[in-house]
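Numbering follows numbering that gives the first Met the number 0, with no gaps: position 282 of the first sequence is 281. Note that the Cβ used here is the ideal one computed from N, Cα and C, for glycine as well. Remember, it's a predicted structure, so these values are computed and weren't measured experimentally. The structure under discussion appears below in the form of structure tokens.
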Amino acid sequence: MAKQKKPQRPKARRPRGFEDRPANILRAEWRLVQSAYAVYDSYGFEPLQTPAFEFADVLGKFLPDEDRPNTGVFALRDDDEQWLSLRYDLTAPLARYVAENFDALAKPFRRYQSGSVYRNEKPGPGRFREFVQCDADSVGAASSAADAEMIMIAADVMKAAGLTDGQYAIRVNNRKLLDGILEQSGVPNTDAGAEQRLKVLRAIDKLDRLGEDGVEALLGEGRKDDSGDYTEGAKLSASGIKAVLGFTVASDPDRGKTIANLEKLVGQSGRGNEGCQELTDIDALLNATGFGPDRVGFDTSIVRGLGYYTGPVFEAELLADIKDKKGRPVRIGSIGGGGRYDDLVSRFRGQPVPATGFSFGVSRFLSALERMDVMLSETQAPVMICAFDRNLMSEYFKMAAELRAHDIRAEVFVGSGNITKQMKYADRRGVKLAVLMGSDEYDAQTVTLKDLVLGAEMAKAISSNEEWKSSRPAQSTISRIDFVSEIKKALDA
RNA sequence: GCCGCCUUAGCUCAGUUGGUUAGAGCGCCGGUUUGUGGAACCGGAGGUCCUUGGUUCGAGACCAAGAGGCGGUACCA
């Protein structure tokens, strides 16, 4: 007899960095996004949705090619040989949209958007290759008022998510300040110094993880980490390193004092003074609208790793209730941020188009909220109408429709199996109320209502199966006519 | 990309010096119970021991390469 070959079945599996998100996660995410939308809406922003794919050259200056086909972005060739890429954020597509529809849009154009973005990078804990971002941006406004507004929005989104003041902080800095400091340390504020400036930014971005010593090494010659990997440094002079490190600790809980400190540090640098002036303007608007230092602070140690920011930058950080040794709230970490990016839209057009925005990662924000035990209300499982007697299916569907008409989730059991199976199903679904109507009840125009939550509670006192079966805990008979109001009563109880 | 650790049932894991038919707990399915969830008891299904090659009379175990997973680090326009 020939060897029986096993059928070649595909293995049910999922690429790494791409997540399935079940009901409880999705519902929480929807609520979070809806809360953010409500804030964006209240400030007068309008929704926009753009596609997942864009032309590769629209997304950035790096074209996927034979040498570097897929670094960072997912890309494929369309049937006309043009490169398409999945968007890696929502900002670049916005820049494209504004540039494409420039003349038709009233400026400043202010929109909000959320959706999946894709990064072809190594995933890690809390890092995925597909994740949902939720953004608001303002395009065409050069004034610091637009930046101040984005900062207020960020703070209000924190509040709308259920956080109380003190559980979060928006930390604001300005790229122009660092440009000024570096200028004075011999790093020219031109393209020639761009690479060095980026290295400095990335070094500062690692302050909380590597500490001052590690960052000092990265600002200078370079640093070898524990696994033996070497990272080349920014090669600043000793005085440059000192100036940069001094800058990162120049902030004070008082915003006004921070500005005073910074004015001394930037000295004669024109760029630096511009930065100070912008912070002063932002401070004035925050003060006028009551955004105190408990919600928004100036913090020179945050820079954001991205290269495209040109002015004010900020991060939204969650603070756990636990205090550290110095009595300050412990940082859980950055869950979002934003800033001014004046060159992103002008890339497509000859003229300058200033822009500023705010963005947060939905799932990262959500898991941070969970760690902080911010209660996210749960959706009630549906009322379960058991298919006791298959001849009564139309009556069951009628009852379910009556409940739905009163905004009560209801489900008729459409699977197979006897009542035992149906009760097990209801139990597993977390159903609170089960409706039982067999021919006995139907003839009497009554309904048997069972409270499964209460029943489970009562079951703890019952050990023998006979007693369990005969007692039929937490069950009541109600009239068919009062069915909806009785269920409403039972659900509210 | 670089460094380290790991891979046996759906999950968590055991598996002796290399020796017959690879086990446990939990979970799942069925029954006791087709008008009732839990508990209890009884029964059942479920395995390419990650893959390929090598050593050996004999490999889940030893060796090599590869794949996948996890963690660190770098990159992230």
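(message) Taking the alpha carbon of Ser478 as the reference point, which residue from Leu435, Leu278, Lys468, Val452 has its own alpha carbon closest?
(response) Residue 478 sits at position 479 when you count from the first residue of the first sequence. Ser478 has its Cα closest to that of Leu435, out of Leu435, Leu278, Lys468, Val452.
(request) Using the Cα positions of Val248 and Val302, report the straight-line distance between them to the nearest angstrom. (result) Your numbering for residue 248 matches position 249 in the first sequence. Your numbering for residue 302 matches position 303 in the first sequence. Their Cα atoms are separated by approximately 13 Å.
(request) Report the residue from Gly337, Pro351, Gly416, Asp426 whose alpha carbon sits nearest the alpha carbon of Asp380. (result) Taking the first residue of the first sequence as position 1, residue 380 is located at position 381. Per the sequence presented here, residue 380 reads as Ala, with Asp not at that position. Nearest option by C-alpha distance: Asp426.
(request) Give me the Cα-Cα distance between Lys198 and Val131, rounded to the nearest whole angstrom. (result) Locating residue 198 in the first sequence gives position 199, counting from the first residue. Locating residue 131 in the first sequence gives position 132, counting from the first residue. If you take the alpha carbons of Lys198 and Val131, they lie about 28 Å apart.
(request) Would you mind stating whether Arg13 and Thr378 have Cβ atoms separated by less than 7 Å? (result) To locate residue 13, count along the first sequence from 1; it is residue 14. To locate residue 378, count along the first sequence from 1; it is residue 379. No; because the gap between Cβ atoms is not below 7 Å, this pair is not in contact.
(message) Please state the DSSP three-state secondary structure of Asp501.
(response) The structure shown does not extend to residue 501, since the chain is modelled only from 0 to 492, so the question has no answer here.
(request) Select from Leu368, Gly179, Met392 the residue whose C-alpha is nearest the C-alpha of Gly269. (result) Position 270 of the first sequence, counted from the start, is the residue given in the question as residue 269. That would be Gly179, whose Cα lies nearest to the Cα of Gly269.
(request) Return the bridge partner residues of Asn260 from the DSSP annotation. (result) If you number the first sequence from 1, residue 260 lands on position 261. According to DSSP, which records beta bridges pairwise, Asn260 is partnered with nothing at all.
(message) If I follow the unbroken beta strand (DSSP E) through Ala168, where does it start and stop?
(response) Here residue 168 refers to the residue found at position 169 when the first sequence is read from its first residue. 167 to 173 is the extent of the beta strand (DSSP E) around Ala168.
(message) Rounded to the nearest angstrom, what separates Leu235 and Arg201 at their Cα positions?
(response) As a working mapping, residue 235 is identified with position 236 in the first sequence. As a working mapping, residue 201 is identified with position 202 in the first sequence. Those two C-alpha atoms are separated by around 14 Å.
(message) If the criterion is Cβ atoms closer than 7 Å, does the pair Val373 and Leu402 meet it?
(response) Indexing the first sequence from 1 puts residue 373 at position 374. Indexing the first sequence from 1 puts residue 402 at position 403. Cβ atoms of Val373 and Leu402: not closer than 7 Å.
(message) To the nearest angstrom, how far is the alpha carbon of Arg254 from that of Leu209?
(response) Residue 254 sits at position 255 when you count from the first residue of the first sequence. Residue 209 sits at position 210 when you count from the first residue of the first sequence. Arg254 and Leu209: Cα-Cα distance of roughly 26 Å.
(request) Following the continuous beta strand (DSSP E) through Val32, name the residue where it begins and the one where it ends. (result) Position 33 of the first sequence, counted from the start, is the residue given in the question as residue 32. No beta strand (DSSP E) holds Val32; the alpha helix (DSSP H) holding it covers 22 to 41.
(request) Tell me, please, whether the segment 450 to 463 touches the segment 472 to 491 by the rule of three or more beta-carbon pairs shorter than 8 Å. (result) yes
(message) Looking only at its chain, what residues have a beta carbon closer than 8 Å to the beta carbon of Pro107, apart from the 5 residues adjacent to it on each side?
(response) Looking up residue 107 in the first sequence gives position 108. Here the set comprises Ser137, Val138, Gly139, Ala140, Ala145.
(message) Assuming Gly239 is part of the alpha helix (DSSP H), what are its boundary residues?
(response) What you label residue 239 is simply residue 240 of the first sequence in a count that begins at 1. That run of the alpha helix (DSSP H) goes 237 to 247.
(request) With a 10 Å radius around its C-beta and 16 neighbouring C-beta atoms as the bar for buried, classify Phe290 as buried or exposed. (result) To locate residue 290, count along the first sequence from 1; it is residue 291. Counting the other Cβ atoms within 10 Å of the Cβ of Phe290 gives 16 or more, which makes it buried.
(message) When you compare the CB positions of Ile334 and Ala354, do they come within less than 7 Å of one another, or not?
(response) Counting from one through the first sequence, the residue named residue 334 turns up at place 335. Counting from one through the first sequence, the residue named residue 354 turns up at place 355. No, the Cβ-Cβ distance between Ile334 and Ala354 is not below 7 Å.
(request) Per DSSP, which residues does Gly356 bridge with? Please list them. (result) By one-based count along the first sequence, residue 356 stands at place 357. DSSP output for Gly356 lists Asp136, Gly338 as bridge partner(s).
(message) Out of Ser238, Ala237, Gly239, Arg222, which one is the CA nearest neighbour of Glu231?
(response) Start at 1 with the first residue of the first sequence, and residue 231 comes out as number 232. When only C-alpha atoms are compared, the closest one is Arg222.
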